[in-house]
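Using the UniProt record's numbering, the letters of the sequence shown correspond one by one to residues 1 to 163.
In what follows, a single structure is set out as structure tokens and then discussed.
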Amino acid sequence: MCVTGAMCHKLHMMLWNGLMHLAPSIKVIHKEKVRNMQAVEIVRIICKGVIWNDPQNQQLLKKAFFKAATLGISKFVQEIIAAYKGSVYWEDENKHTIFHVAVLHRRAEVFDLIYSSTFKSNWLGSNDNIRNNILHFGGSWYRQVKWQVQHCRCSGSWNGSRQ
């Protein structure tokens with residue numbers, strides 16, 4: 001147990017420096033972790049400074065929110081939801097909620113984050129512009145994967161002669 005915060009920080013840095021000298025690949029992991037922590041901190045600062053009932057602010061953050069969900073950046077999505085609970089009800093131009101986007105783009109981290117929340121019951125039955133719901137997205141993905149697997153088996157086993 002560390003006596004002071006400064007002493008604990010110094011021991012932590014000594015440990016990381018030692019590990020980075022022993023295994024240089026750890027240095028890359030450490031840099032990535034630091035960048036991730038810094039990005040999350042920037043999102044927190046932005047969220048604290050936002051006036052959430054301003055439609056222009058919501059529109060700007062909504063665009064970033066949906067882009068993060070599309071790319072699977074769950075930490076960003078998590079921070080926006082933590083700062084503004086109403087963000088889970090935002091819809092894109094196709095009437096997709098963040099939950100729809102996570103399923104549509106196969107982003108398990110974002111889906112799990114949202115699914116574990118208390119808001120999930122509202123999305124399961126909601127439809128987009130063409131009346132698709134979450135189950136349609138999941139079902140179309142299953143059919144697509146099934147077809148790709150079958151196609152892969154057929155083309156991979158065909159060598160000009162039947163076996």
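Glycine residues also receive a C-beta, built at the ideal position from the N, C-alpha and C atoms.
Values in this document were obtained by computation on a predicted structure and should not be read as measured data.
request  = Ignore the nearest five residues each way along the sequence and tell me which others in Y142's own chain have a CB closer than 8 Å to its CB.
outcome  = With a pLDDT of only 49 at Y142, under the threshold of 50, the placement of this residue in the model should not be trusted; the figure read from the coordinates follows. Closer than 8 Å at Cβ, skipping near neighbours: no residue.
key: Three-way DSSP call (helix, strand, coil) for G72 in this model   = coil
key: Of the residues C47, R107, Q59, F76, the one placed nearest M37, counting alpha carbons only   = F76
task = Helix, strand or coil for W16, going by three-state DSSP, please let me know.
result = Here W16 carries a helix assignment [DSSP, helix/strand/coil].
query = Under a three-way DSSP split, which group does N93 fall into?
reply = Strictly speaking, residue 93 in this sequence is Glu, with Asn absent from that position. Of the three classes helix, strand and coil, the one that applies to E93 here is coil, per DSSP.
task = Pick out whichever of W52, G86, A108 has its Cα sitting closest to the Cα of T70.
result = A108
inquiry  = Quick test of your reading: S74 and L113, contact by CB under 8 Å. State the CB separation rounded to the nearest angstrom.
reply    = 5 Å
key: Simplified DSSP state of N57, which is helix, strand or coil   = helix
ask   = Got a sec, what are the start and stop residues for the alpha helix (DSSP H) S25 sits in?
value = 24-49
message = Using 8 Å as the threshold, is the C-beta distance between residue 164 and Q59 below it?
response = There is simply no residue 164 to check, as the chain begins at 1 and stops at 163 in what is shown.
ask   = If we count Cβ pairs, one from each stretch, closer than 8 Å, do we get three or more for the stretch 20-28 versus the stretch 41-49?
value = With contact defined as three or more Cβ pairs closer than 8 Å, the stretch 20-28 and the stretch 41-49 are not in contact.
task = Could you check if L11 is buried or exposed, using at least 16 other CB atoms within 10 Å of its CB as the buried criterion?
result = exposed
task = Using only alpha-carbon positions, find the residue among A6, I80, I45 that is nearest to L61.
result = I80
query = Between T97 and K27, what straight-line distance do the alpha-carbon atoms span, to the nearest angstrom?
reply = 38 Å
inquiry  = Contact defined as beta carbons within less than 8 Å: I believe W90 pairs with F65. What is the distance between those atoms, to the nearest angstrom?
reply    = 7 Å
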